[in-house]
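To keep things clear, I will list the structure first and then write my remarks on it.
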Amino acid sequence: KPHEPWQRLTGLATGLNTTSLVIAQATHWTRTSGAEAASAALDRYPHLSAIACAGDSLALGALDALHTRGLIAGRDLAVTGFDGTDDAEEHGLTTIDAHAREQGTRAAQLLLDPSLQPRRVVLDHHLILRQSSSRLTMPS
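Heads up: the sequence shown is residues 25 to 164, going by my numbering.
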């Protein structure tokens, strides 16, 4: 899945229809790497209004980075993830549920029965709004 994070970011940029998008690259797909990337982004751009991560583990790291700085997601800036993990729910993280179990089931079915059509399957995703992206109070 090496191209998947870029597809997620391309979709994000298209959906936002903005030119003011900062991409901070994480070195690994881990919570620690997410914290490091978020910290670097906040150091360079201290007035960010949101951090959108390509995975929940990265977003949980971003929450850690905010906590270290005394910032609160959903109050000081929004944080979102992608995957719909149980950890995201536990930490009040807004996420996109990609239905990983259904993805695995469909992939296994296609692998076990090559006669199944279509060979390309697109599954629905849905946004789960939680505390980490609650309405921000903008300065007047």
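Think of the CB as a built atom: it goes at the ideal place given N, C-alpha and C, for glycine as much as any other residue.
These numbers were taken from a predicted model, which means no experiment stands behind them.
Assuming contact is defined by CB atoms lying nearer than 8 angstroms, are Ser2 and Ala89 in contact in what I supplied?
Here the chain comprises residues numbered 25 to 164, so residue 2 is not present and cannot be evaluated.
Buried or exposed: which applies to Val145, given that a residue is buried once 16 or more other Cβ atoms fall within 10 Å of its Cβ?
Answer is exposed; the Cβ neighbour count stays below 16.
Between the region 115-122 and the region 100-107, can you find at least three pairs of beta-carbon atoms closer than 8 angstroms?
Counting Cβ pairs under 8 angstroms, three or more are found: they touch.
With 16 other Cβ atoms within 10 Å as the buried cut-off, status of Thr109
So Thr109 ends up on the buried side.
Assuming Ala86 contacts Ile75 (C-beta within less than 8 angstroms), just tell me the rounded distance between them.
At roughly 5 angstroms, the Cβ-Cβ gap stays under 8 angstroms, so Ala86 and Ile75 are in contact.
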